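Residue numbers (the working numbering), protein chains in the order written: chain V, 41 to 419; chain L, 41 to 419. Shown next, in structure tokens, is the structure this report addresses.
There are 2 protein chains.
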Amino acid sequence: MHQGRSTNSHRHPGGGPRTTRPEDGRRNNLSLVLQSLYDEPQLSRADLARRTGLTRVTISDLVAELIADALVAETGTTAGSRPGKPATMLSVRADTRDIVALDLSAPRLLTGGVYSLRGDQRHAAQRDLGTATGEDAYAAVADLAAQLIAAADNPVLGVGVGTPGTVDRQGSVIAAPNLAWHNLALQQRLATQLDLPVHVENDANAAVLAERAFAAGPDNLIRVQISRGVGAGLLIAGSVVTGTSAAAGEIGHVVIDYAGTPCPCGKNGCLETWLSVPSLRERMAADPDRADEALAEAGRRLGIALSPVVGMLDLNDIVLGGPADLVDGPLLAAAQEVVTDRTHSDFRGEVRLRLSSLGSDAVLLGAVALVRRIQLGVS
Amino acid sequence: MHQGRSTNSHRHPGGGPRTTRPEDGRRNNLSLVLQSLYDEPQLSRADLARRTGLTRVTISDLVAELIADALVAETGTTAGSRPGKPATMLSVRADTRDIVALDLSAPRLLTGGVYSLRGDQRHAAQRDLGTATGEDAYAAVADLAAQLIAAADNPVLGVGVGTPGTVDRQGSVIAAPNLAWHNLALQQRLATQLDLPVHVENDANAAVLAERAFAAGPDNLIRVQISRGVGAGLLIAGSVVTGTSAAAGEIGHVVIDYAGTPCPCGKNGCLETWLSVPSLRERMAADPDRADEALAEAGRRLGIALSPVVGMLDLNDIVLGGPADLVDGPLLAAAQEVVTDRTHSDFRGEVRLRLSSLGSDAVLLGAVALVRRIQLGVS
DNA sequence: GCATGTTTGTTAGTAAACCTTACGAACATT
DNA sequence: AATGTTCGTAAGGTTTACTAACAAACATGC
Chain V
41 MHQGRSTNSH RHPGGGPRTT RPEDGRRNNL SLVLQSLYDE PQLSRADLAR
91 RTGLTRVTIS DLVAELIADA LVAETGTTAG SRPGKPATML SVRADTRDIV
141 ALDLSAPRLL TGGVYSLRGD QRHAAQRDLG TATGEDAYAA VADLAAQLIA
191 AADNPVLGVG VGTPGTVDRQ GSVIAAPNLA WHNLALQQRL ATQLDLPVHV
241 ENDANAAVLA ERAFAAGPDN LIRVQISRGV GAGLLIAGSV VTGTSAAAGE
291 IGHVVIDYAG TPCPCGKNGC LETWLSVPSL RERMAADPDR ADEALAEAGR
341 RLGIALSPVV GMLDLNDIVL GGPADLVDGP LLAAAQEVVT DRTHSDFRGE
391 VRLRLSSLGS DAVLLGAVAL VRRIQLGVS
Chain L
41 MHQGRSTNSH RHPGGGPRTT RPEDGRRNNL SLVLQSLYDE PQLSRADLAR
91 RTGLTRVTIS DLVAELIADA LVAETGTTAG SRPGKPATML SVRADTRDIV
141 ALDLSAPRLL TGGVYSLRGD QRHAAQRDLG TATGEDAYAA VADLAAQLIA
191 AADNPVLGVG VGTPGTVDRQ GSVIAAPNLA WHNLALQQRL ATQLDLPVHV
241 ENDANAAVLA ERAFAAGPDN LIRVQISRGV GAGLLIAGSV VTGTSAAAGE
291 IGHVVIDYAG TPCPCGKNGC LETWLSVPSL RERMAADPDR ADEALAEAGR
341 RLGIALSPVV GMLDLNDIVL GGPADLVDGP LLAAAQEVVT DRTHSDFRGE
391 VRLRLSSLGS DAVLLGAVAL VRRIQLGVS
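Right, dumping it as structure tokens:
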């Protein structure tokens, strides 16, 4: 019953005023127990009571519900080296639910997978989009989702979608130029068609969620993706920053240099004119002997764009995603150097930049994290 | 009983795992009713039920508690132009509680006041600090607070403090150089000494809360204060951004130009070297004929520092605080121009910079907003 | 060996919070 | 005057988490 949030989501369609009913408190406490067991497996009911502040009686009741839902299992008792009755250990069962994840961010290609609650991939599938856009692209997405749902071995907790473009709180794609989508109610349509909970998020936002959920990222984190363009996902206090117009993270069109190259967006000297994969490859091919210098120059520009943000938000971790042969070398080193020089202060820790360890699965894993977080309250 | 959050705060000392008990849900719903009445006075119980999704029965119960606490009053019935029984209108009573606010941000001076729940000042008091620091400064703060509490005409809901320096979640001042405070448990000591709820926040963070609560500011907002130094408070999705080391908003030490003037912080070309009040006055006095150009130059630098942040966070509102003769003119215009040029995009609204309408009371009103928000859940 | 103390998890009963159902009061309309 | 609508309240039920008490299972001390 824990995942039955449909009534609740229905009550809060627009993130408006939030009432709390007894059942909402119950769900919160169920999530809390589950989160505690994710953070530290092999806890007893008494341990959970001590950590959460709830009584052992209440914990027993909550755990019983989780066991009935097959989300938690008893895993033996402690070897008795202490006085008192041995404790029965509890652990999360990650193998009783599946999550279907879709990544729409690649050009001309849909990627999808079936994942366990821990982010292990069970099945994978792709679909060539060709030049399909608009309604045809939607049909392909829905079809791929249905195929993956059919392939799942366990009950599907929900479907997560990471898409390029701007996404509002209802999961509608406001604008995604590559797919020619405008105000497409992706979440609602998929949920109706698939009869499952569906959650849609911008690809960069999904990716930063993945860094936190599956790569031990902290609560304050920026993840920059270097692909055809440059985009970022921001996590502040564990929450994704969406911004006033759902356009947060648009670091690609931050102006670095008034006198820089014109950008299709109309401004001059946007970060993207230095840092996108096509522009980098072009510069490296044009002068192979100075390829490293081109990468370092791009890294410095990235550092210049990031430093004010890092300084203002006081965050210490930046993760870069993109082709490792481009990102993990002079580019990363130069960006790190600039950011360190410009943000160093006695009042705060050092800022670390690193390459993402999630490879090309970041968006898919982010979709998994999104579903897990909303359906189970676990992040 | 609504303000009796002491037990609750005691349960959550470090913002750790949050359990939900029935009483927590009740408090949430009481806050929701109160917030609705703040947003729109003259609502009936039935109106509240429709807006919150709670039943009329529950709303009646909640309202009865608020009336018993003298936080809400019935204010007549609707003129009957509709069928059905006329509705009894409800409104917030802002005159039954006082809030004591303290501003420690001015050099050598403590400012304080007694305020209504709506932010109307009832009493004011100041205290000259002279060169007092450390324990002497604390004693003066506690003394001023006690004096204001004694002057209050209504029960005091709590004491809010806006202080320079970094403040952690427990209200301890980690470091405030001007006052020579290090790890001073300000909130805890004042609460014990005054026997009232006390809430401490960084001055810039308090000020941005005030813009939202008392100057109709939006949920995403940056407020930049130009004084001896330059600091900012950030509001994202209605929450204050504190950062990993409680050092968010340090825009004064964002590096604008590597080759710039050395800054006491050790870096070169920090924003503060152009934009602080002392440095501005100095430049204007040095060449009075080009005073406007000095202001415009500072404004451009501010725009350069703000643009990446605004672009990344996708926020549309920036409020400037500081001496109007410096801020409200060429400086503001130049900053507006740079920010507009660098952040304009089809995907988002225009960014507006404006001078704060709160004058020198911003921090005090922020302390009021802080107490009101934590004690009553109203913002 | 056996009593004692400790820790775990459960049972029984209670208080709080919100819900559904039902009803009287007060109004406009027919 | 009868009917329908809206408002607020009353009564009773369900859910949730609490306190108190207890049995089970262990280590320790005599």
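Glycine included, C-beta positions come from ideal geometry on N, C-alpha and C. No experiment lies behind these values; they were computed from the predicted model shown.
Check your understanding: Excluding the five sequence neighbours on either side, which residues of its own chain have a C-beta within less than 7 Å of the C-beta of V:Val379, listed in chain order?
Key -> In the first sequence, residue 379 of chain V corresponds to position 339, counting from 1. Same-chain partners within the cutoff: Gly343, Leu346, Ser347, Val350, Val391 and Leu393.
Practice item. Find the nearest neighbour of L:Gly211 within the set L:Pro217, L:Asn218, L:Gly202 and L:Leu219, judged by alpha-carbon distance. Key: Against the second sequence, residue 211 of chain L aligns to sequence position 171. Comparing Cα positions, the closest option is L:Gly202.
Exercise for review: Could you run through the stretch 199-226 of chain V and flag, in chain order, every residue whose CB is less than 8 Å away from some CB of chain L?
Suggested key: The stretch 199-226 of chain V vs chain L, Cβ under 8 Å: Thr206 and Ala215.
Point to revise | DSSP-derived helix/strand/coil call for V:Leu77 | key: Residue mapping note: residue 77 of chain V aligns to position 37 of the first sequence, counting from 1. Helix, per DSSP.
Check your understanding: For V:Pro304 and chain L, any beta-carbon pair shorter than 8 Å?
Key -> Reading the first sequence from its first residue, position 264 is the one you call residue 304 of chain V. False, the Cβ-Cβ gap to chain L never drops below 8 Å.
Practice item. Determine whether the Cβ of V:Asn242 lies closer than 8 Å to any Cβ atom of chain L. Key: One-based indexing of the first sequence puts residue 242 of chain V at position 202. No, V:Asn242 does not count as interfacial toward chain L.
Check your understanding: With L:Leu150 and L:Leu169 assumed to form a contact (beta carbons below 8 Å), what rounded beta-carbon distance in angstroms separates them?
Key -> Within the second sequence, the letter at position 110 stands for residue 150 of chain L. Within the second sequence, the letter at position 129 stands for residue 169 of chain L. The pair is a contact, with the Cβ atoms about 6 Å apart (cut-off 8 Å).
Point to revise | Cβ of V:Met324 within 8 Å of any chain L Cβ | key: If you number the first sequence from 1, residue 324 of chain V lands on position 284. Judged by the 8 Å Cβ criterion, V:Met324 is not in contact with chain L.
Point to revise | Best match in L:Gly269, L:Ala180, L:Asp401 and L:Ala165 for proximity to L:Val248 [C-alpha to C-alpha] | key: The count along the second sequence starts at 1 and reaches residue 248 of chain L at position 208. Closest option to L:Val248, Cα to Cα, is L:Asp401.
Check your understanding: Nearest chain L C-beta to V:Gly271 closer than 8 Å, yes or no?
Key -> Numbered from its first residue, the first sequence carries residue 271 of chain V at position 231. It does not: the Cβ of V:Gly271 has no partner Cβ on chain L nearer than 8 Å.
Review point. Is the Cβ-Cβ distance between L:Gly309 and L:Ile296 less than 8 Å?
Key: In the second sequence, residue 309 of chain L corresponds to position 269, counting from 1. In the second sequence, residue 296 of chain L corresponds to position 256, counting from 1. Against a cut-off of 8 Å, the Cβ pair of L:Ile296 and L:Gly309 comes out as a contact.
Check your understanding: Got a sec: is the Cβ-Cβ distance from L:Ala336 to anything in chain V below 8 Å?
Key -> For the purposes of this step, residue 336 of chain L is identified with residue 296 of the second sequence, where counting begins at 1. For L:Ala336, the answer is no, since every Cβ of chain V falls outside 8 Å of its Cβ.
Exercise for review: Answer yes or no: does any C-beta atom of chain L fall closer than 8 Å to that of V:Val418?
Suggested key: One-based indexing of the first sequence puts residue 418 of chain V at position 378. It does not: the Cβ of V:Val418 has no partner Cβ on chain L nearer than 8 Å.
**Study point:** Contact set between the stretch 343-357 of chain L and chain V, restricted to residues whose Cβ is under 7 Å from the partner
**Key:** Look at the stretch 343-357 of chain L: the residues with a C-beta under 7 Å from a C-beta of chain V are Ala345, Ser347, Pro348, Val349, Gly351, Met352, Leu353, Asp354, Leu355 and Asn356.
Check your understanding: Where V:Ala407 and V:Leu230 are concerned, what is the direct C-alpha to C-alpha distance, given to the nearest angstrom?
Key -> Position 367 of the first sequence, counting from 1, holds the residue named residue 407 of chain V. Position 190 of the first sequence, counting from 1, holds the residue named residue 230 of chain V. Distance between the alpha carbons of V:Ala407 and V:Leu230: 15 Å.
**Study point:** Residue from V:Pro370, V:Thr383, V:Leu353 and V:Gly292 whose Cα sits closest to the Cα of V:Glu333
**Key:** As a working mapping, residue 333 of chain V is identified with position 293 in the first sequence. Answer by Cα proximity: V:Pro370.
**Study point:** Neighbour-count burial assignment, L:Thr95, 16 or more Cβ in a 10 Å radius
**Key:** As a first step, residue 95 of chain L is located in the second sequence; it is residue number 55 there, counting from the start. Exposed, since its Cβ has fewer than 16 Cβ neighbours within 10 Å.
Review point. Which same chain residues, not among the five before or five after V:Arg133, have their C-beta less than 7 Å away from its C-beta?
Key: Residue mapping note: residue 133 of chain V aligns to position 93 of the first sequence, counting from 1. Taken in chain order, the residues that qualify are Ala110, Leu111, Val112 and Ala113.
Point to revise | Cβ distance (whole Å) where L:Leu83 is taken to contact L:Ala250 below 8 Å | key: What you label residue 83 of chain L is simply residue 43 of the second sequence in a count that begins at 1. What you label residue 250 of chain L is simply residue 210 of the second sequence in a count that begins at 1. Incorrect: roughly 25 Å between the Cβ atoms, too far for contact.
Review point. Counting Cβ pairs, one atom from each stretch, are 3 or more of them under 8 Å apart for the stretch 315-335 of chain L and the stretch 319-333 of chain V?
Key: The stretch 315-335 of chain L, when compared against the stretch 319-333 of chain V, does not touch it at the 8 Å Cβ threshold.
Check your understanding: Along chain L, which residues have their Cβ under 8 Å away from the Cβ of V:Ala287?
Key -> Taking the first sequence and counting its residues from 1, the one referred to as residue 287 of chain V is at position 247. Residues of chain L whose Cβ lies closer than 8 Å to the Cβ of V:Ala287 are, in chain order, Asp354, Ser385, Phe387 and Arg388.
Review point. Between V:Asn68 and chain L, is there a C-beta pair that is closer than 8 Å?
Key: Translated into the one-based positions of the first sequence, residue 68 of chain V becomes position 28. It does; some Cβ of chain L falls within 8 Å.
Review point. Between the beta-carbon of L:Arg137 and the beta-carbon of L:Asn194, is there less than 8 Å?
Key: Working through the second sequence from its first residue, we reach residue 137 of chain L at position 97. Working through the second sequence from its first residue, we reach residue 194 of chain L at position 154. For L:Arg137 and L:Asn194, yes; Cβs fall inside 8 Å.
Practice item. Could you tell me whether the Cβ of V:Ile276 comes closer than 8 Å to any Cβ of chain L? Key: As a working mapping, residue 276 of chain V is identified with position 236 in the first sequence. Chain L places a beta carbon closer than 8 Å to that of V:Ile276, counting this residue as a contact.
Review point. If the cut is a Cβ gap below 9 Å, which residues of chain L does V:Ile291 touch?
Key: By one-based count along the first sequence, residue 291 of chain V stands at place 251. Neighbours of V:Ile291 on chain L, chain order: Pro348, Gly351 and Met352.
Practice item. State the start and end residues of the unbroken beta strand (DSSP E) segment that holds L:Gln265. Key: The residue labelled residue 265 of chain L in the question sits at position 225 within the second sequence. Residues Leu261 to Ile266.
**Study point:** For L:His222, three-class secondary structure by DSSP
**Key:** Here the question's residue 222 of chain L lines up with position 182 in the second sequence. Correct three-state label for L:His222: strand.
Review point. Are the C-beta of V:Thr59 and some C-beta of chain L separated by less than 8 Å?
Key: Taking the first sequence and counting its residues from 1, the one referred to as residue 59 of chain V is at position 19. Residue contact with chain L for V:Thr59: present (Cβ-Cβ distance below 8 Å to some residue of chain L).
Point to revise | Alpha carbon of V:Thr128 to alpha carbon of V:Leu88, nearest angstrom | key: The count along the first sequence starts at 1 and reaches residue 128 of chain V at position 88. The count along the first sequence starts at 1 and reaches residue 88 of chain V at position 48. In a straight line, the C-alpha of V:Thr128 is about 12 Å away from that of V:Leu88.
Review point. Which two residues bound the contiguous beta strand (DSSP E) that contains V:Ser156?
Key: As a first step, residue 156 of chain V must be located in the first sequence, where it is residue number 116. Taken as a continuous stretch (DSSP letters only), the beta strand (DSSP E) holding V:Ser156 covers Leu149 to Ser156.
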